[in-house]
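If you read the sequences in order, they're chains A and B. My numbering puts the first sequence at residues 6 to 531. My numbering puts the second sequence at residues 395 to 702. Worksheet: one structure, shown below.
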Amino acid sequence: MLKAAAAAGLIPVLSGATLAQRAAAQDAQPVRGSTYIMLSQDAIESLSPDDTTEGVQNATISNLFDGLYVVNEQYELEPVLADSYEASEDGLVYTFTLKSGVTFHNGDAFTAQDVLYTYNWIMDEANASTRTANFELVDTVEAPDDQTVVVTLKEADVSFMVNVATTLIYPKDDHAAKGEDAFKGEPVGTGPFTYGEWAPQQRVVLNANEDYFRGRPNVDAFQVDVVLEAAGRTAALETGQADSSFWYLNAEDNIRLMETDDFTVYEVLQVTVNHFPLNTTHPFLGDKAARQAMMFALDRQSFADDIFLGQAQVATSNLSPAIEKYYNPDVAQYEFDPEKSKQILDDAGWSEGSDGIREKDGVKAQFTMMVFQGDTQRRPEAEIAQQWWADVGIQCDLQEGITSDILAGLVDGTYDAGLFNWVYGGSGGDPDARDTLGTGGANNFFQYSNEEVDQLLQDGIRELDEAKRIEIYKRIQEIIADELPLLPLLNPQQIVFFANRVKGLPEKVLYPDGIYQKIYTLWIEE
Amino acid sequence: MAAYLIKRLSQGVLVLFLVSLLTFFVMYFMPGDPARTMVGQARVTEEQLDAIRDKWGLNDPWYERYGDWIGNLVTGDLGTSMMRPGQGIGDMITDAAGMTLQLNVLAYSLALAIALPVGIFAATKRNSFLDYFSTFGSTVGIAVPNYWIGIMAIVLFSVKLGWLPAYGADSWKSYILPVVVLSIEEMATIMRLIRGTTIEVLNQDFVTTARAKGLAQNVVVMRHVVRNALLPVITMIGYRIAFILSGTIVLETVFSWPGLGQLFFDAITNQDLQVVQAIVLLLTTVVVIMNIVTDLTYAVIDPRVRVR
Chain A
6 MLKAAAAAGL
16 IPVLSGATLA
26 QRAAAQDAQP
36 VRGSTYIMLS
46 QDAIESLSPD
56 DTTEGVQNAT
66 ISNLFDGLYV
76 VNEQYELEPV
86 LADSYEASED
96 GLVYTFTLKS
106 GVTFHNGDAF
116 TAQDVLYTYN
126 WIMDEANAST
136 RTANFELVDT
146 VEAPDDQTVV
156 VTLKEADVSF
166 MVNVATTLIY
176 PKDDHAAKGE
186 DAFKGEPVGT
196 GPFTYGEWAP
206 QQRVVLNANE
216 DYFRGRPNVD
226 AFQVDVVLEA
236 AGRTAALETG
246 QADSSFWYLN
256 AEDNIRLMET
266 DDFTVYEVLQ
276 VTVNHFPLNT
286 THPFLGDKAA
296 RQAMMFALDR
306 QSFADDIFLG
316 QAQVATSNLS
326 PAIEKYYNPD
336 VAQYEFDPEK
346 SKQILDDAGW
356 SEGSDGIREK
366 DGVKAQFTMM
376 VFQGDTQRRP
386 EAEIAQQWWA
396 DVGIQCDLQE
406 GITSDILAGL
416 VDGTYDAGLF
426 NWVYGGSGGD
436 PDARDTLGTG
446 GANNFFQYSN
456 EEVDQLLQDG
466 IRELDEAKRI
476 EIYKRIQEII
486 ADELPLLPLL
496 NPQQIVFFAN
506 RVKGLPEKVL
516 YPDGIYQKIY
526 TLWIEE
Chain B
395 MAAYLIKRLS
405 QGVLVLFLVS
415 LLTFFVMYFM
425 PGDPARTMVG
435 QARVTEEQLD
445 AIRDKWGLND
455 PWYERYGDWI
465 GNLVTGDLGT
475 SMMRPGQGIG
485 DMITDAAGMT
495 LQLNVLAYSL
505 ALAIALPVGI
515 FAATKRNSFL
525 DYFSTFGSTV
535 GIAVPNYWIG
545 IMAIVLFSVK
555 LGWLPAYGAD
565 SWKSYILPVV
575 VLSIEEMATI
585 MRLIRGTTIE
595 VLNQDFVTTA
605 RAKGLAQNVV
615 VMRHVVRNAL
625 LPVITMIGYR
635 IAFILSGTIV
645 LETVFSWPGL
655 GQLFFDAITN
665 QDLQVVQAIV
675 LLLTTVVVIM
685 NIVTDLTYAV
695 IDPRVRVR
């Protein structure tokens with residue numbers, strides 16, 4: 006007998022009835038008309054579901070397409086193209102019942118064949134899809150009839166619903182005829198908006214889908230305007246030229262805008278970790294004691310107060326408190342204590358040399374940290390840390406580089422250390438971190454290898470009991486906080502502004518990007 | 395003249411070839427991994443990254459990649475953009491170049507319309523208030539970075555006064571700030587140059603002769619002085635126009651102007667070789683042609699050059 010998966014323990018899965026109740030409970034009456042304008046910090050390079058790895062592109066493209074489910078702004082899974090699903094007790098077989106009467110923008114009927122086509126296209130290595138990794142544990146996909154899709158996994162994968170069931174669906178015939186490259190500029194989906202205009206460096210205009218199966222959007226159009234500079238985006242919000250900015254504004258501008266009454270503001274802790282990744286095979290950085298000493302030498306609270314102007318909090322490990330259910334605050338703590346730092350280094354045999362730099366067995370306490378070119382916000386953290394480490398006898402040299410080169414160089418061990426924000430579990434509300442913390446992971450920036458962590462990561466993705474799963478990820482955080490392949494600095498806040506004329510916004514938000522899945526429910530009142 | 399043109403054009407083709415080769419090798423050896431840029435922070439496996447690299451030929455040897463590109467170019471195919479496969483490179487560049495050209499033509503026109511008469515007048519009325527004011531103004535215009543002026547202009551005219559849009563290129567109003575800001579530095583440079591060359595020409599013997607013959611000052615200036623004073627200015631303008639398409643990237647960023655500079659920067663950041671090559675070829679062609687045009691214009695204006 007099939008039963009609803011304990012995969013529901015991953016994040017809540019809403020039913021259609023719950024959604025209907027919530028909609029009925031809404032007091033205000035929407036107004037139809039106007040254009041909602043969102044600002045993008047980058048050119049919109051594509052309108053295909055295969056290019057949703059970048060946040061603002063996802064926010065844009067997810068208004069053209071739908072998946073079987075979507076992760077909403079409360080980290081809940083909402084049914085969209087699916088009515089419901091059931092999973093086998095062993096978590097290996099998922100059966101989706103699809104909605105009927107849904108059409109693509111070109112009038113083609115949406116059926117299970119479109120889901121089959123999409124999933125198989127992604128799994129076909131020849132297509133070099135950016136979403137292939139999500140389907141790693143998918144064995145087969147079948148469509149026994151037009152309203153049913155059956156996905157069989159090779160092994161249980163608790164992140165399946167978040168990573169796979171939210172995949173945006175292609176129109177089989179249209180996509181096959183055009184090919185992926187042409188489709189990127191001529192998108193056809195089932196989404197609340199249809200393709201209007203695409204000038205990649207300037208704007209995207211999507212028009213309301215009059216026949217959208219969840220109800221015609223209240224706004225007539227959803228427009229994404231490209232404004233590269235944060236100051237420009239702030240100016241655009243202040244003048245009312247736009248309704249929201251997808252990407253962050255400057256910290257000083259956040260404070261200024263929050264002091265006005267012109268916006269609905271959401272302050273949410275991000276799932277990313279601002280951190281220094283360290284190469285654990287480096288002669289100095291490879292010493293756990295050295296890494297712990299480096300942590301004690303940092304006054305991370307001052308980073309939060311002075312660099313991020315209070316818009317961040319000190320991080321403890323790889324997971325952010327934003328993932329409440331899995332977050333573990335009871336891990337090793339590292340208060341700012343330079344004397345303790347020196348003691349740890351002394352005890353570990355790193356004694357001060359004549360030049361003030363510590364050394365041990367001919368190895369100097371010295372390394373190079375790579376910082377992204379043009380990273381004006383985070384670079385001060387590296388410069389200040391450099392001084393604090395110098396005070397305890399560690400030499401850190403800074404070097405700028407191109408982002409993709411630094412990331413690749415950290416993975417292959419070319420570089421010693423870096424500074425950036427990354428998600429080590431928490432994306433979509435799921436704490437999985439196999440590709441970052443697992444041995445040989447494609448985004449393992451630390452050359453890190455720990456057998457217990459590897460086993461826990463594999464167990465975590467398969468554990469259907471929520472309580473046990475939580476313990477697994479808490480244990481991972483304990484180990485990471487002790488071993489410190491990365492020095493967790495801060496969990497930044499995401500502060501998002503919506504112009505007051507935008508109505509229908511939720512009272513509370515856990516995942517602000519999820520609001521952009523709901524543009525069709527918002528409306529504009531001048 | 396025909397022989398001269400053929401010679402210059404042949405030299406231009408050689409320059410294009412060498413520049414394309416140089417650009418290719420700079421991009422080829424540039425550190426970074428375009429495949430990682432494409433996947434961003436998404437979950438990824440090494441096999442997936444390799445598949446993306448294979449798809450775009452990033453694992454192919456350099457001679458194969460260069461050969462493929464040259465081969466396609468000969469048939470007029472600029473290739474497919476890695477960062478934006480849904481749009482043809484030709485369309486991408488045409489749209490972007492068009493926007494940059496509009497901005498620069500308007501800015502240059504405005505700069506010339508103001509700088510030439512002001513600079514000439516300042517030279518003929520030396521040590522007057524206008525002379526001092528224009529000299530001071532041109533010093534400020536050259537010294538102050540135009541991106542700072544741009545940001546201040548947005549704060550004043552968009553945010554504080556609400557007169558003009560903060561970004562975009564939709565309406566005539568959205569052209570005002572970027573055109574004016576871009577014209578400031580050019581205006582300042584042209585004004586200083588024309589003032590200096592006019593003063594120099596005013597001290598020439600033939601000008602003294604013209605005055606001695608009883609010609610009115612304005613006739614002396616407009617008929618004899620300006621034409622001679624313009625020669626260095628034409629050379630400078632020709633030189634600067636050659637870089638018209640590539641020199642505005644900072645301002646394009648400040649005003650979110652969808653121009654060629656921004657496209658070029660994006661292509662380099664994403665290591666999109668096809669787009670970078672195409673833009674470099676375009677810019678090189680423009681420089682080569684503008685150098686030829688400048689030489690020919692000089693010959694038209696200065697009969698001595700024709701004789702030579």
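Note that CB positions come from ideal geometry on N, CA and C, so glycine has one too.
_Same chain, Cβ closer than 7 Å to G519 of chain A, neighbours up to 5 away in sequence not counted_ = V76, N77 and E78
*Would you mind giving the Cβ-Cβ distance between I584 of chain B and L510 of chain B, rounded to the nearest angstrom? I have them listed as a contact below 8 Å.*
7 Å
*Is it buried or exposed for K519 of chain B, if we count other Cβ within 10 angstroms and need 16 for buried?*
Flag for K519 of chain B reads exposed.
*Verify the contact flag: L587 of chain B, CB atom, against every heavy atom of the ligand SAH, threshold strictly below 8 Å.*
Although the ligand SAH was asked about, the structure shown includes no ligands whatsoever.
*List the residues of chain A whose Cβ lies closer than 8 Å to the Cβ of V670 of chain B, in chain order.*
The contacting residues do not exist; V670 of chain B stays about 14 Å from chain A at best.
_Between the CA atoms of I635 of chain B and P652 of chain B - distance to the nearest angstrom_ = 19 Å
_Could you tell me the alpha carbon to alpha carbon distance between G376 of chain B and R402 of chain B, rounded to whole angstroms?_
Residue 376 of chain B falls outside the range modelled here, since chain B spans only 395 to 702, and no answer is possible.
*Write down every uninterrupted run of the alpha helix (DSSP H) in the segment 408-462 of chain B whose length is 4 residues or greater and which is fully enclosed by it, in chain order.*
Counting only runs of at least 4 residues, the segment 408-462 of chain B fully encloses the following alpha helix (DSSP H) elements, listed from N- to C-terminal order: 428-433 and 440-449.
*Check the Cβ-Cβ distances between S134 of chain A and every residue of chain B, and say whether any is below 9 Å.*
yes
*Which term fits V694 of chain B, buried or exposed, when burial requires 16 or more other beta carbons within 10 angstroms of its beta carbon?*
exposed
_Between which residues of its own chain and Y74 of chain A is the CB-CB distance below 7 Å, once the five residues before and five after are set aside?_
L82, E83, P84, V85, A87, M166, A170 and T171
*With a threshold of 16 other CB atoms inside 10 Å of the CB of F423 of chain B, please say whether the residue is buried or exposed.*
exposed
_According to DSSP, is K519 of chain B part of a helix, a strand, or is it coil?_
DSSP places K519 of chain B in the coil class of the three-state scheme, outside both helix and strand.
*Between the segment 413-427 of chain A and chain B, which residues of the former have a C-beta closer than 8 Å to a C-beta of the latter?*
A413, G414 and W427
*Would you tell me roughly how many angstroms separate the C-alpha atoms of E264 of chain A and S53 of chain A, rounded to the nearest one?*
38 Å
*Considering only C-alpha positions, which residue in the set A:N125, A:I481, A:R261 and A:G446 is nearest to K177 of chain A?*
Between K177 of chain A and the set A:N125, A:I481, A:R261 and A:G446, the nearest pair of CA atoms involves A:N125.
*asked:* What are the residues in the segment 215-239 of chain A lying within 9 Å of chain B by C-beta distance?
replied: D230, V231, V232, L233, E234, A236, G237, R238 and T239
_Please list, in chain order, the chain B residues whose beta carbon lies closer than 8 Å to that of D440 of chain A._
R437, V438 and T439
*From which residue to which residue does the beta strand (DSSP E) around F281 of chain A run?*
V278 to P282
_Same chain, Cβ closer than 6 Å to V397 of chain A, neighbours up to 5 away in sequence not counted_ = A302, P343, S346 and K347
*Candidates B:T533, B:T663, B:V644 and B:T691: which alpha carbon is nearest M421 of chain B's?*
B:T663
*Taking a Cβ distance cut-off of 9 Å, strictly less, list which residues of the segment 545-557 of chain B are near chain A, in chain order.*
I545, I548, V549, S552, V553 and G556
*asked:* Using beta carbons (cut-off 9 Å, strictly below), is G354 of chain A in contact with chain B?
replied: no
*Of all the residues that make up the segment 565-578 of chain B, which are near chain A by a beta-carbon distance shorter than 9 Å?*
none
*asked:* Is L52 of chain A close to chain B? Criterion is C-beta to C-beta, closer than 9 Å.
replied: It does; some Cβ of chain B falls within 9 Å.
*What is the DSSP secondary structure of G443 of chain A, reduced to helix, strand or coil?*
In this structure, DSSP gives G443 of chain A a state outside helix and strand, which the three-state scheme calls coil.
*Taking the continuous alpha helix (DSSP H) assigned at Y569 of chain B, which residues delimit it?*
K567 to L596
*Taking any Cβ of chain B, which residues in the segment 199-213 of chain A have a Cβ under 9 Å from it, in chain order?*
W203, A204, P205, Q206, Q207 and R208
*Starting from Q404 of chain A, follow the beta strand (DSSP E) in both directions and report where the run begins and ends.*
Q400 to G406
*Roughly how many whole angstroms lie between the Cα atoms of G426 of chain B and L19 of chain A?*
42 Å
*Under the three-state DSSP convention, the category E364 of chain A falls into*: Residue state for E364 of chain A is assigned as strand, using DSSP reduced to three classes.
*asked:* Counting only beta-carbon separations shorter than 9 Å, does A4 of chain A have a partner in chain B?
replied: Any answer about residue 4 of chain A is impossible in this case: the structure gives chain A only from 6 up to 531.
_Within 9 Å of any Cβ in chain B, is that where the Cβ of A161 of chain A sits?_
no
*asked:* Can you pull out the residues from the segment 632-662 of chain B whose beta carbon lies closer than 7 Å to at least one beta carbon of chain A?
replied: T647, V648, S650, P652, Q656, L657 and D660
*Does the distance from the CB of L44 of chain A to the CB of S249 of chain A come in under 9 Å?*
yes
*Option in A:G358, A:T321, A:N323 and A:A256 with minimal Cα separation from D310 of chain A*: Taking only the C-alpha atoms, the option nearest D310 of chain A is A:A256.
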